[in-house]
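*Asks:*
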Amino acid sequence: TQARQSYIHVVEFDPVMDEEMHDRLQLATELRTAIRNGELSLAYQPRIDLATGRIAAIEALLRWQHPELGHVRPSRFIPIAEQTGLIVPIGEWVLETACAQAAGWNWQGSEECRISINISVQQMVHPDFVAVLDDVLARTGLNPKQLELELTESIFIENPQKISKILDKIKERGIRIAIDDFGKGYSSLNYLKRYPADTLKIDKEFITGTQSDTGQIITASVIQLARDLGLTVVAEGVEQSEQLAFLMRKGCNEVQGYLLCRPVPHDVCEQFLQQFDLQQMLALLGEREGW
Ligand code: C2E
Ligand code: MG
Ligand code: MG
Ligand code: MG
206 TQARQSYIHV VEFDPVMDEE MHDRLQLATE LRTAIRNGEL SLAYQPRIDL ATGRIAAIEA
266 LLRWQHPELG HVRPSRFIPI AEQTGLIVPI GEWVLETACA QAAGWNWQGS EECRISINIS
326 VQQMVHPDFV AVLDDVLART GLNPKQLELE LTESIFIENP QKISKILDKI KERGIRIAID
386 DFGKGYSSLN YLKRYPADTL KIDKEFITGT QSDTGQIITA SVIQLARDLG LTVVAEGVEQ
446 SEQLAFLMRK GCNEVQGYLL CRPVPHDVCE QFLQQFDLQQ MLALLGEREG W
């Protein structure tokens, strides 16, 4: 009877689960009309080059302002968009909007400064992906050298041949490739030598981990390894000045995080492009933290 009871328990109606499922279905339906209703927008977060003190790139981050729920977090709606295929039209909107806004910014003649856009695997394997990319570049007039695409390692798990071909086409156009969230999940050093990445973004978990000795050893070796492979190394989620000091000592190329700047609307970001001053910021941090 013990086994029977537990079986019955499994098939029993679970109101919490039902609510979750309803919630996801509801969100999927509403996400379908979100573009049309103007509920989507982009926030921009700069990445700072520690050698020059200048902005190296700006990441576009999707925001959804739901009429009743208010701000819905990407970690909640991006997986739904990926599962329903809605990430294809949404991703196209992101690409178009980010490239158009970036093409209008005053980059102060800096060819090295780029706009960085997150791309989901479902979006990249869509047969029209490269055509859409070409179309967006032609229409917005953005220099392909000022574009970087952020891909997570999960992109490399399935269809490696197909992905390789798409990556080659991206590279042919002068667009850069970044591996996002490195160290989270699958993490295989194999990807680093098999795919033509330019940038490695070390996941926030590794940056948070630098408070322990072991964490410091691991993060420092990832930085060294990436640099030896000729990749630009970026630390994500830098929140504390001790983390920044550590990353500077270990030769990390670029940093991104709340300590330097939170994701901001595009007009604020445009101002930031002209005003950002790392030396001034370091001086302020130094005074505060007694460096
Ligand atoms: P991601 O690409 O790794 O982006 C970095 C995330 O970390 C962003 O979260 C950013 O707001 C957050 N962040 C930046 N600095 C800090 C920090 O110092 N501390 C902490 N705690 N967080 C920080 P966000 O905007 O919520 O986006 C979450 C994820 O959703 C992104 O992770 C990305 O994977 C996905 N995403 C966002 N926009 C898009 C998009 O347009 N397309 C696709 N396919 N995915 C997107
Ligand atoms: Mg990213
Ligand atoms: Mg990501
Ligand atoms: Mg990331």
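When we follow UniProt numbering, the leftmost residue of the sequence shown carries the number 206, and every step to the right adds one.
All residues carry an ideal CB built from backbone N, CA and C; glycine is no exception.
N458: buried (16+ other C-beta within 10 angstroms of its C-beta) or exposed?
*Replies:* By the neighbour-count rule (16 or more Cβ atoms within 10 Å), N458 is buried.
*Asks:* CA-CA distance, E273 and L232?
*Replies:* Rounded to whole angstroms, E273 to L232 spans 11 Å at the Cα level.
*Asks:* Using 10 angstroms around the beta-carbon of Q250, count the other beta-carbons present and answer buried if the total reaches 16, otherwise exposed.
*Replies:* That one is buried.
*Asks:* Any contact between the region 291 to 304 and the region 314 to 334? By contact I mean 3 or more CB pairs, one from each, below 8 Å.
*Replies:* Verdict: yes, contact present.
*Asks:* State yes or no: is the C-beta of Q461 within less than 8 Å of the C-beta of R252?
*Replies:* Yes; because the gap between Cβ atoms is below 8 Å, this pair is in contact.
*Asks:* Answer yes or no: the CB of D385 versus the heavy atoms of ligand 4, is any distance below 7 Å?
*Replies:* Because some heavy atom of ligand 4 lies under 7 Å away, the Cβ of D385 counts as near it: yes.
*Asks:* Can you tell me whether I380 sits near ligand 1, meaning its C-beta is under 7 Å from at least one heavy atom of the ligand?
*Replies:* I380 Cβ: outside cutoff for every heavy atom of ligand 1.
*Asks:* Return yes when the Cβ of E447 is within less than 8 Å of the Cβ of I407, no when it is not.
*Replies:* Not in contact: I407 and E447 (Cβ atoms no closer than 8 Å).
*Asks:* Would a C-beta distance cut-off of 8 Å place A383 and T345 closer than the cut-off?
*Replies:* No, they are not a contact pair.
*Asks:* Kindly examine ligand 4 and report whether one of its heavy atoms sits closer than 7 Å to the Cβ of K376.
*Replies:* It does not: the Cβ of K376 is nowhere closer than 7 Å to a heavy atom of ligand 4.
*Asks:* Quick one: which unbroken beta strand (DSSP E) runs of 3-plus residues sit fully inside the region 351 to 410? Chain order, please.
*Replies:* Correct list: 352 to 357, 381 to 387 and 404 to 407.
*Asks:* Relative to the C-alpha of V439, which candidate in Q445, D433 and L452 has its C-alpha closest?
*Replies:* Of the listed residues, the one whose Cα sits closest to V439 is L452.
*Asks:* Please return the same chain residues whose Cβ sits closer than 8 Å to the Cβ of V330, not counting the five positions on each side in sequence.
*Replies:* N364, K367, I368 and I371, listed in sequence order.
*Asks:* Once the 5 residues before and after L405 are set aside, which same chain residues still bring their CB inside 6 Å of it?
*Replies:* The answer, listed in chain order, is I384, F387, A431, L436 and V438.
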